[in-house]
Amino acid sequence: MRHLILLFVVILLVGCSPSRPDYITFERSENEPTSDGDFTDVEEVEVEEIDVSAANFAGSFFSGTYEYRGITLHSSYEQMVARFGEPLSEEFGIDGVYYDYEHIGFNFPESVENSDPSELRINGFIVPVDDMTKVEAVNTFGWPIEDDVINFRMDYSNRAGDDRTILMNYDWQDNVTAIIYFNGPFESTELYEQDQDYIDSLNSSDDDEDEDDDSNDEDE
């Protein structure tokens, strides 16, 4: 049954915010760890989407102590799959890849194909957001240290402390689409390098246009 459901699930991209149901239902056919380290079967459960406006969300998420149904920062890929089953997709993350369960994505430094599942550890979270504008985000979380309007991203890393990254992606209508936590400085990530390359390309295009204008003026 779980596989039939997954065939019809729409894969979320970080930069997009399509409508999603109030919850998704899937069968955890995998085993769940118990307190003594053994695994026991878990029945199918309803998984509600994350309420990012909840009072306890910001404190735990921004501090890196966030826990989603027993999975936390530094949990292994093996533990993640034991808890939730196989992910829906593997996508480019803030640095490395993230594995998507629609309601939440877990970032890892590299693909599980190149690593030991028991050793590969979570280093970030990506939480999709519905029904929150930039104004509502500011009212909920306060002002960001930077609003990168070129890359459609607000930076709240000062709330997380040194060597941690908190970003909020939004779309051209100023609707927040995702909240991202990464356990490291933004400047060290592949996403930051992509941002800089994009900005450099825009600046290069502006320089070329200025040179063309100067050349046309000289011809006249």
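My numbering applies: residue 12 is where the sequence shown begins, and numbers increase by one. Heads up, the beta-carbon is just placed ideally off N, CA and C, and yes, glycines get one too. Just so we're clear, the structure is a prediction, and the values are computed from it rather than from any experiment.
How many Å lie between Trp-183 and Asn-67 at the Cα?
29 Å
With a 10 Å radius around its C-beta and 16 neighbouring C-beta atoms as the bar for buried, classify Ser-209 as buried or exposed.
The sequence given here places Tyr at residue 209; Ser does not occur at that position. Tyr-209 is exposed by the Cβ-count criterion.
Going by C-alpha to C-alpha distance, which of Asp-142, Ile-161 and Met-165 sits closest to Gly-153?
Met-165
Output needed for Glu-101: all residues of its chain with C-beta closer than 7 Å, excluding positions within five of it in sequence on either side, in chain order.
Excluding residues within five positions, the ones whose Cβ falls inside 7 Å are Val-108, Tyr-110 and Ser-122.
If I measure Cβ to Cβ from Asp-158 and keep anything under 7 Å in the same chain, skipping five residues before and after, which residues do I get?
Within the same chain, and ignoring the five residues on either side of Asp-158 in sequence, the residues whose Cβ sits closer than 7 Å to its Cβ are Met-165.
Helix or strand or just coil, what does DSSP make of Gly-70?
Reduced to three states, the DSSP call for Gly-70 is helix.
I'd like to know whether the C-beta atoms of Ser-145 and Asp-185 end up nearer to each other than 8 Å.
Sequence check: residue 145 is Lys here, not Ser. It is a contact, given that the beta carbons lie within the stated cut-off.
Do you know offhand how far Gly-195's Cα is from Tyr-88's?
19 Å
What does a CB cutoff of less than 8 Å around Gly-75 pick up in its chain, not counting 5 residues either side in sequence?
Leu-84, Ala-171, Arg-175, Tyr-192 and Asn-194
Under DSSP, the beta strand (DSSP E) around Tyr-151 begins and ends at which residues?
It is Thr, not Tyr, that sits at residue 151 in the sequence shown. Where Thr-151 is concerned, there is no enclosing beta strand (DSSP E), although the alpha helix (DSSP H) it sits in stretches over 145 to 152.
What three-state label does DSSP hand Asn-194 in the structure shown?
Residue state, collapsed to three classes: coil.
Taking Gly-81 as the reference, which of Asn-162, Ile-133 and Tyr-203 has the closest Cα?
Ile-133
Going by beta carbon distance, what residues of the same chain come within less than 7 Å of Tyr-79, once the five residues before and after it are set aside?
Ile-115
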